[in-house]
């Protein structure tokens with residue numbers, strides 16, 4: 002049963018990737034979170050500045066921990082000791098070389114859907130960091146933009 006679900010997710014992801022590319026995104030499929038994490042780490046040039054928004058996806062896959070352990074300048078708003086310091090780290094993240102995030106949902110039509118509490122991820126996605134890397138599991142893919150908004 003698990004193999005069947007994996008095949009389903011792969012087909013769904015590949016079809017969605019076609020739509021994302023049609024919209025101008027670069028997109029790839031990885032069978033495991035470990036493969037995705039390794040690919041993400043290969044993209045990050047040594048010494049670059051890396052920040053991220055609140056994302057269980059990138060945290061749970063071990064990406065934030067790996068970035069902390071690597072040779073990158075890290076802006077981690079979760080290390081802030083005060084709300085003011087956290088807000089300042091949010092602002093600094095907008096000037097990072099690479100910004101890591103996930104989407105709340107993606108439609109099979111290739112539309113990213115994000116609803117953000119403070120707006121830092123949305124701001125980063127639209128403008129600021131030199132590069133933005135969005136990591137999502139195939140489980141976040143919804144048939145339409147409308148259902149993706151409902152999921153978010």
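Numbering (our numbering), first residue to last: 2 to 153.
Virtual Cβ for every residue (Gly too), placed ideally from N, Cα, C.
Fair warning: this is a prediction, and the values are worked out from it, not measured in the lab.
Segment limits, beta strand (DSSP E) that includes residue i
{"i": "residue 102", "result": "99-102"}
Cut-off 7 Å between Cβ atoms - residues of its own chain near residue i, not counting five sequence neighbours on either side
{"i": "residue 75", "result": "51, 68 and 69"}
{"i": "residue 30", "result": "11, 14, 15 and 18"}
Test item: CB-CB of residue i and residue j under 8 Å
{"i": "residue 63", "j": "residue 82", "result": "no"}
{"i": "residue 102", "j": "residue 25", "result": "no"}
{"i": "residue 109", "j": "residue 33", "result": "no"}
{"i": "residue 135", "j": "residue 104", "result": "yes"}
{"i": "residue 71", "j": "residue 42", "result": "yes"}
{"i": "residue 98", "j": "residue 132", "result": "yes"}
Candidates the options, of which the one nearest residue i by Cα
{"i": "residue 22", "options": "112, 126 and 144", "result": "112"}
{"i": "residue 28", "options": "150, 138 and 149", "result": "138"}
{"i": "residue 48", "options": "60, 35 and 73", "result": "73"}
{"i": "residue 92", "options": "36, 5 and 128", "result": "128"}
Limits of the alpha helix (DSSP H) - the one that residue i falls within
{"i": "residue 52", "result": "Run containing residue 52: none in the alpha helix (DSSP H); it sits in the beta strand (DSSP E), 50-53."}
{"i": "residue 18", "result": "3-23"}
8 Å contact criterion, which residue i and residue j should meet: CB distance rounded
{"i": "residue 121", "j": "residue 94", "result": "6 Å"}
Contacting residues, own chain, Cβ-Cβ under 8 Å from residue i (five flanking each side not counted)
{"i": "residue 13", "result": "109, 139 and 142"}
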